[in-house]
Amino acid sequence: MNYWIIGTIALSILSPISYTKSMLKGKVKPHRVTRLIVWLASVAGLLGVLNSSNSSGKIFALIFLIRATYLLIMAVLYGVGGLQKLDLYCLFFGVLALVAYYTTRSGLLTISLGIAADLIGYIPTFVKTYKKPESEDPLFFSIEGLASLFAIFAIWELVPDILFPIYFLLSSMTVVALVYRKRLLSLLNIKNKHK
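Count along the sequence shown from 1, add 566, and you get the number used in the working numbering.
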């Protein structure tokens with residue numbers, strides 16, 4: 567096992583600790599639909615790489631499924647959302663993408679549909695974080711992004727297995743950017759005024 571996978575495992579264990587603390591203190595409110603679809607997409611991701619020869623991709627998929635299961639349980643207990651129209655549309659399209667996997671059984675298609683489902687599932691979280699940046703934990707998503715980056719280095723082949731870590735890195739950084747967007751915009755405005 568290489569150092570990148572060890573780093574991915576360590577960060578994947580560490581990130582939910584931060585998120586759990588924030589949830590228990592009432593600071594963070596994960597979106598239930600997002601967490602449900604992330605869990606379903608993680609199942610599809612693992613199924614998509616089972617026949618792969620890249621063990622790093624399999625380990626990454628298994629780690630993220632275990633973590634997604636835990637975070638889904640926590641979101642049910644401490645989260646928000648689930649019954650608004652946007653939530654129901656996202657859930658419908660997310661499940662539709664995953665059903666397509668069960669009819670195709672294609673590795674690359676499975677991973678692509680899993681990513682599509684996950685992205686659809688993240689829409690309620692993106693909207694929630696845009697409106698209420700304080701409702702998400704940037705430390706959790708930063709650690710998630712770093713774990714995904716380590717997984718990319720661990721896989722380091724142009725194979726379908728690398729798509730999920732790349733996607734997770736981008737989605738994590740999007741949430742971090744949404745949390746800090748007002749500060750980032752302020753910094754950009756200050757720099758533009760000094761030009």
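No residue lacks a Cβ here, since even glycine has one placed at the ideal position from N, Cα and C.
- Between I681 and Y746, the CB-CB gap reaches or exceeds 7 Å.
- Our two residues, G648 and P582, have alpha carbons roughly 21 Å apart in a direct line.
- Here S578 has I629, R633, A713 as same chain residues with Cβ atoms under 6 Å from its own Cβ, once five neighbours each way along the sequence are excluded.
- About 7 Å separates the beta carbon of L652 from that of V693, a gap short enough to meet the 8 Å contact definition.
- Between the stretch 721-729 and the stretch 609-619, the count of Cβ pairs shorter than 8 Å is three or higher; the stretches touch.
- Distance from W570 to F706 at the Cβ level is roughly 20 Å; contact not present, criterion being Cβ atoms closer than 8 Å.
- If you draw a 10 Å sphere on the C-beta of E700, you find fewer than 16 other C-beta atoms in it, and that means exposed.
- A buried status is given to V741, since no fewer than 16 other beta-carbon atoms sit within 10 Å of its beta-carbon.
- Pairing L657 with I709, the inter-Cα distance amounts to about 26 Å.
- Here the C-alpha atom of L753 lies approximately 46 Å from the C-alpha atom of S619.
- Taking 4 residues as the minimum length, the alpha helix (DSSP H) runs contained wholly in the stretch 639-722 are 651-670, 673-697, 704-721, in order along the chain.
- With contacts defined as CB atoms closer than 7 Å, I721 and S622 qualify as a contacting pair.
- Annotation: S738 to L675 spans about 22 Å, alpha carbon to alpha carbon.
- Rounded to whole angstroms, the Cβ separation of G573 and F716 is 4 Å, and the two are in contact under 8 Å.
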